[in-house]
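Peer 1: Residue numbers for the sequence shown follow my numbering, so the first one is 26 and each next one is one higher.
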Amino acid sequence: MEEERKEMKTDKLSRLQFSSQITNNIENSFAITTIIQGRITKIKGANVTVKTHAGESYLSFNASSEIKKLVKIDNQGFHYEKISHYDLINHICIFKIVIYNSPADIKPRHHTILRLVSFGINNELVKNPYFHCVSADWLASFWLPTMDIEFGGVYGNILNGGVQIMGPDRDDKWSYLTSRSLAGFSFGFQLTGKSEYLNAAIHTLEFLKKSKDEIKGNIIFRSRQLRNGNHHQLASSLYNIFVHEYCLTGLLRYYAATSDNETYNFIIKALESLMLFYDSKYGGFYDAIDRNTLLPIPKVTDTKSFTSSADVLAATVIFAKELNIHTNKFNPTSVAIEICKLIVDHHLIEDNPFIIESFNSDWTLNTSPWRNEYATADLAGSCGATAKVARVLAVCLPFLPRELQNKTKQAIKNILDNLIIVGAWDPLRGGVHDFMIRYWKRNQLGEFVFHSDYVWWSQEQLCVTAYLGYLLFNDNHYLDIARSIVNFWLGCFISIHGGVHDTIDHVGNPVSAQMGCWLKNSYHELEFAYYIAIFEAIINKTSITLYFAPSYTGNYFESLPDIGIIKWDIVENITLPNGTKSVTFKPIKL
C-alpha cells in the first residue's frame, strides 16, 4: 500500500511538472484546435474580444474564417445567413479556433477563428419558443425511416444518415426503444402539428402494445424481442423496472396528445403492474423481479437504484401526475412524495456533488452495477444522473409537504451549485461533461474519469435543471448556464443529417457515427426541444402553440408541465382543415 501511495504521489508530481512545462517552459510554439462559446464584446479590425463564462479570450479573423448566423432549423435542415464580422457585436457565438501557446519570452498572439456560428444578439434565437418547435421537425423526421413498416416497431442501432448498424442483432427490437420513439413522435406531433408524426406514433403504439406478457392479470413489458415481436432467446430472465417505466413513457405522451381511451385503459393496467416492483417494507421500488414469481430475488434483484427512483419519477410518475392518471394501487402524488424523501435521505451525500446510485433493499449502500445502467464503480460520479435527480425533485416540489419541500428545495440548490463548482458544466464551451472523480474537496474543480467528452443525455439533464433553478431561485447565472447548453446543443449535437449525435469531443466533432443507441432513439431530443420551448415561453412571457389529435377530448392544460409557479391561459384554440387542434397557451405567473 505504501509503495502504491509513493507511486501515486510521484505520478501526480510528474503530471504537475509536465503541465508547467507545456504552459510556461516550452521551447517551441504549438497550436491546438478547440471550440469556445461566448459574447463578442469588442471588435477592432480583424481582432475581437470574446467574453466567455470562463473569462475573456482574444481572437482574430483571417481570410479563411467562416462566419455565419443560424436563422432556423426546419424539416430541410439548417438555415444560415452570411454576416460581416463587423456586425457581430453582442452576438452569442460558438467559435472553432486554433489556440497558440508560445514560449514565455515571445509575445502572445491572438488565437485564430476557423469558424463562427452566431445565435444572434443576446441569444435572440434561443429565446424564441417558435424556433424550438420548428427545429423539432428536423429531429423527428430523422426517425421516420427507423420504423419497420412490415412488422411494426422501430430499429435502435442507427448510424449518421439513418443507416442501420450491421450485425447479427441489427433487426432486434427493444420495447423501451419502441416506447421512446412513440414518445418522440408524440412530442414531434405536438410541437409541429404534422400528421406524419401522429401516424408514426400510431404505428409505433400498436407494436408496443404487443410487446408485453400478461401474467396473473398483470401487463409487464418484455425487453428484447425478435423483429416480428416474438420473445428473443437472449432476452433477460427478469422483468426490469427500467424497461417497464420507460414503456409507460411513450404511452403517457401519446395519451397527452390524443386522449385515446384505449391507450388510457392500457396505461391503467401497466401502472397497476408497476406496483409489482414496489417494496412495502422499506419503501421505493426494486430494480427487477423474477419472470415466474413476479417477486424480487433476495440478494440479487432486490436492489434499489437511480433507475428505480429518479427514473421512475421522470419516465412515469411525473407524466401521470400531470395527466391526472391514478389507479386503485398507484397514486402519482403519494409515490412522488415517497420517492423524493428517499432520494433526499439516501441518494444525496453531504459535502459531495454526486449522488449515490445503488442500494440494497434496506437502503444500505450497494455498489454492484448488475442491472443498474447508471451505477458506476465508486470511483466515478455521473454528472447527468446527478443533474436528473435535481430536475425531478424540482418538478415534484409543488406538491411535497412543507417540511420536505423546504429540505428538497435546499437540496436542489446544493446539487446545482456543487455541479457548477466541480466543473460538470464547462464554462468555456457551454457543454456538460459525463463522469468525474467522485472524491472531491469542497470548492475545488473535479477531475475527469473515463473521458472528457460531452454525452447527449447530460446536456438535457443539466440544462432542464438549470432552467428550473432559475425559475425557483431567480438566479440569472442558472439561466445563463441553461442557454449556453442550448447553444452547445444546437451548434454541436444536432446533426446535419437529422437526429442528435451521441457524444461530442472538445473540438465539437462527433466521437462516433452512432445516432441511435440502446438508451436513446428520439425521446430525449424531442422532449428537450419541448422543455426549452416551454421554459423560454415562461421566461419571456410569450406564447407557445401545441397540437392535439382530431379525436382529442381531454383537458388541454394537463398536457403541459406543472412546475407550481405559473398557470396557463388559452389564448387561441382553432381546428385545422385536417381536424388537428391548434391550441396556443400563454403563461400567467401565480
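For each residue, glycine too, the CB sits at the ideal point set by N, CA and C.
Here the structure is a predicted model, which is why all the values come from computation and not from measurement.
Under a three-way DSSP split, which group does Lys-62 fall into?
Peer 2: As written in the sequence, residue 62 is Gln, which differs from the Lys given in the question. Strand, per DSSP.
Peer 1: Between the beta-carbon of Leu-207 and the beta-carbon of Gly-254, is there less than 8 Å?
Peer 2: The answer is no: Cβ separation not under 8 Å.
Peer 1: Roughly how many whole angstroms lie between the Cα atoms of Leu-113 and Gly-516?
Peer 2: Cα to Cα, the separation comes out at about 17 Å.
Peer 1: Spell out a yes or no on whether the stretch 441–454 and the stretch 54–68 are touching, meaning 3 or more CB-CB pairs, one atom from each, closer than 8 Å.
Peer 2: Touching, per the Cβ criterion.
Peer 1: From Ala-335 to Phe-518, what distance separates their C-alpha atoms?
Peer 2: Approximately 25 Å between the Cα atoms of the pair.
Peer 1: Specify, as a first and last residue, the run of the beta strand (DSSP E) that Val-417 falls within.
Peer 2: No beta strand (DSSP E) holds Val-417; the alpha helix (DSSP H) holding it covers 408–421.
Peer 1: For Thr-617 and Leu-202, what's the separation of their Cα atoms in angstroms?
Peer 2: This structure cannot settle anything about residue 617, because the visible part of the chain is limited to 26 through 615.
Peer 1: Quick check on the burial criterion: 16 or more other C-beta atoms within 10 angstroms. Buried or exposed for Pro-612?
Peer 2: Buried.
Peer 1: Could you check where the beta strand (DSSP E) with Cys-118 kicks off and where it finishes?
Peer 2: Note, Cys-118: beta strand (DSSP E), 116–126.
Peer 1: Quick one: grab the DSSP three-state call for Tyr-464.
Peer 2: Note: Tyr-464 maps to coil in three-state DSSP.
Peer 1: Between the beta-carbon of Asn-534 and the beta-carbon of Ile-119, is there less than 8 Å?
Peer 2: Contact: no.
Peer 1: Does the beta-carbon of Ser-305 have 16 or more other beta-carbons within 10 angstroms, so that it is buried, or is it exposed?
Peer 2: When all chains shown are included, Ser-305 counts as exposed.
Peer 1: By the three-class DSSP mapping on this structure, what secondary structure does Ser-204 have?
Peer 2: Helix, per DSSP.
Peer 1: Confirm, please, whether the CB-CB distance from Ala-345 to Leu-233 is below 8 Å.
Peer 2: Not closer than 8 Å, so no.
Peer 1: State the Cα-Cα distance for the pair Lys-121 and Glu-81, rounded to the nearest angstrom.
Peer 2: Their Cα atoms are separated by approximately 16 Å.
Peer 1: Would you kindly work out how many angstroms separate the C-alpha atoms of Ala-281 and Val-596, rounded to a whole number?
Peer 2: Rounded to the nearest angstrom, the two C-alpha atoms are 19 Å apart.
Peer 1: Kindly indicate which residue of Ala-79, Ser-284, His-256 has the alpha-carbon position closest to the one of Lys-606.
Peer 2: The residue with the shortest Cα to Cα distance from Lys-606 is Ser-284.
Peer 1: State the Cα-Cα distance for the pair Val-369 and Thr-433, rounded to the nearest angstrom.
Peer 2: When rounded, the distance between both Cα atoms is 7 Å.
Peer 1: Consult DSSP for Ile-591 and reduce its assignment to one of helix, strand or coil.
Peer 2: Three-state result, Ile-591: strand.
Peer 1: Applying the 10 Å Cβ sphere with the 16-neighbour rule, what's the burial state of Asp-36?
Peer 2: Here the model assigns Asp-36 a pLDDT of 38, short of 50, so the residue's position is not dependable, and the following value carries that caveat. Exposed, because fewer than 16 other Cβ atoms sit within 10 Å of the Cβ of Asp-36.
Peer 1: Taking the beta strand (DSSP E) that Asn-265 belongs to, which residues open and close that run?
Peer 2: Run containing Asn-265: 263–265, per the beta strand (DSSP E) assignment.
Peer 1: May I ask which residues mark the beginning and end of the alpha helix (DSSP H) holding Gly-494?
Peer 2: Counting along the chain, the alpha helix (DSSP H) containing Gly-494 begins and ends at 481–498.
Peer 1: Is the separation between the beta-carbon of Arg-463 and that of Phe-379 shorter than 8 Å?
Peer 2: In this structure, Phe-379 lies closer than 8 Å to Arg-463 by Cβ.
Peer 1: Measure the beta-carbon distance from Ile-343 to Val-420 and round it to whole angstroms, keeping in mind my assumption that it falls under 8 Å.
Peer 2: That pair is a contact at about 5 Å.
Peer 1: Does the structure place the stretch 565–575 close enough to the stretch 502–510 that three or more beta carbon pairs sit under 8 Å?
Peer 2: Segments in contact, no.
Peer 1: Got a sec? Which residues, its chain only, sit under 6 Å from Gly-213 by beta carbon, not counting five neighbours each side?
Peer 2: If we look at Gly-213 and ignore the five residues flanking it on each side, its Cβ neighbours are Ala-161, Ala-165, Tyr-222, Leu-551.
Peer 1: Can you give me the C-alpha to C-alpha distance between His-110 and Gly-456, rounded to a whole angstrom?
Peer 2: Roughly 25 Å between the two C-alpha positions.
Peer 1: Taking just the CA atoms, how far does Leu-585 sit from Asn-243?
Peer 2: When rounded, the distance between both Cα atoms is 30 Å.
Peer 1: DSSP puts Ile-244 in a beta bridge; with which residues?
Peer 2: DSSP, once it has assigned bridges, lists Glu-239 as partnering Ile-244.
Peer 1: Which class does Lys-294 belong to by DSSP, given the choice of helix, strand or coil?
Peer 2: Looking at Lys-294 - three-state DSSP - the assignment turns out to be helix.
Peer 1: Looking only at its own chain, which residues have a Cβ that is under 7 Å from the Cβ of Lys-366, when we skip the five neighbours before and after it?
Peer 2: Hits under 7 Å: Leu-429.
Peer 1: Assign Arg-134 to buried or exposed, taking buried as 16 or more other Cβ atoms, counted over all protein chains shown, within 10 Å of its Cβ.
Peer 2: That one is exposed.
Peer 1: Could you spell out where the beta strand (DSSP E) holding Pro-612 opens and where it closes?
Peer 2: Taken as a continuous stretch (DSSP letters only), the beta strand (DSSP E) holding Pro-612 covers 606–614.
Peer 1: By Cβ distance below 7 Å, which residues in the same chain neighbour Asp-238 in space, the five residues on each side in sequence not counted?
Peer 2: These residues qualify, in order along the chain: Ile-245, Arg-247.
Peer 1: Is there contact between the stretch 137–145 and the stretch 91–100, where contact requires at least three CB pairs shorter than 8 Å?
Peer 2: Yes, the stretch 137–145 is in contact with the stretch 91–100.
Peer 1: Could you check whether Gly-181 and Tyr-548 sit closer than 8 Å to each other, using their CB atoms as the reference points?
Peer 2: Going by C-beta atoms, Tyr-548 is not nearer than 8 Å to Gly-181.
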